[in-house]
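Report on the structure given below.
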Amino acid sequence: MKKTILFALSLFLWSCSGETETGDSSSTSISVTSAEVQTRNLSETFSVSSEVVAYRRSYVASRISGLVEEVRYEEGQYVNRGDILAQMDVRQQQIDLRRANAALEETRDVYERNQVLLETNSISRAEYLSSRRALDQAQSDVDQLELQIEFGTVRAPINGVVTARLIEPGNNVSVNERMFTLTDMNLLVVRPGVSEMNVSGLEEG
161 MKKTILFALS LFLWSCSGET ETGDSSSTSI SVTSAEVQTR NLSETFSVSS EVVAYRRSYV
221 ASRISGLVEE VRYEEGQYVN RGDILAQMDV RQQQIDLRRA NAALEETRDV YERNQVLLET
281 NSISRAEYLS SRRALDQAQS DVDQLELQIE FGTVRAPING VVTARLIEPG NNVSVNERMF
341 TLTDMNLLVV RPGVSEMNVS GLEEG
């Protein structure tokens with residue numbers, strides 16, 4: 161009886177274990193290729209349009225008001241620092257300067273004479289100081305006219321190319337009115353049009 165039960169139990173376990181087998185006991189070979197792992201820097205390239213602009217540019221404006229008598233340079237021409245770009249009509253200032261110089265000599269004579277008179281107490285100190293102020297004012301008038309005549313000659317402040325000429329002979333210009341634009345072409349700056357998506361990924365080199 162015991163042998164019968166053991167045989168039946170063994171048969172049952174064998175049948176259960178057979179259900180879990182795949183039914184195909186043949187083995188399959190797999191081809192494996194090995195490779196060495198290396199670290200590299202990955203970079204992404206993309207094309208953008210860029211704007212090339214001058215690093216240095218100078219706007220030349222009139223320092224006096226008046227008539228433009230002569231213009232010596234055209235757009236596209238190269239100029240050196242100190243070259244005369246234009247000449248203003250300063251004939252009236254020159255006439256006024258001659259008068260101012262004559263007045264300066266007269267006031268200087270009066271002042272020097274009053275110096276001698278003050279030493280002998282022939283005039284009051286107030287009269288002497290008045291002649292001194294008159295001399296200072298006459299000198300200031302001469303200096304101002306000389307400066308206006310100097311400003312009438314418009315010179316290039318930098319080396320560069322005339323990229324804009326805004327005046328013609330015969331034009332009346334006012335103080336601080338722009339006359340020329342000079343651009344230094346020796347140093348240019350590239351401004352790339354990079355989108356916000358690509359800015360964070362930019363690195364030097």
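Every position in the sequence shown, counted from 1, becomes a number in the numbering used here once 160 is added.
Even for Gly, the Cβ is constructed at its ideal location relative to N, Cα and C.
Nothing here was measured: the structure is a model prediction, and the numbers come from that model.
Closest residue to residue i among the options (Cα-Cα distance)
i      : options                        : result
Asn240 : Glu337, Gly320, Val213         : Gly320
Thr343 : Gly226, Val335, Tyr238, Glu279 : Tyr238
Asp249 : Ser225, Asn281, Gly242, Leu295 : Ser225
Glu310 : Asn346, Glu196, Gln247, Asn274 : Gln247
Val270 : Arg292, Arg259, Ile327, Asn336 : Arg292
Gln299 : Asn331, Glu266, Leu347, Ala286 : Glu266
Ala294 : Glu279, Gln308, Leu264         : Leu264
Beta-carbon proximity check, residue i vs residue j, cutoff 8 Å
i      : j      : result
Arg216 : Ile318 : yes
Val220 : Pro329 : no
Leu257 : Ala316 : no
Val302 : Ala262 : no
Leu289 : Ile283 : no
Range of the contiguous alpha helix (DSSP H) that encloses residue i
i      : result
Arg241 : Where Arg241 is concerned, there is no enclosing alpha helix (DSSP H), given that its DSSP letter is neither H nor E.
Within-8 Å CB hit, residue i to chain B
i      : result
Ile318 : Included in the structure is just one protein chain, with no chain B present.
Cβ neighbour criterion (16 or more within 10 Å) applied to residue i
i      : result
Ser334 : exposed
Leu305 : buried
Val228 : buried
Gln275 : exposed
Leu348 : exposed
Gly312 : buried
Met339 : buried
Host beta strand (DSSP E) of residue i (start-end)
i      : result
Glu229 : 226-231
- Message: Ignoring anything shorter than 4 residues, give me the alpha helix (DSSP H) runs that lie fully in the segment 272-343, in order along the chain.
- Response: 285-311
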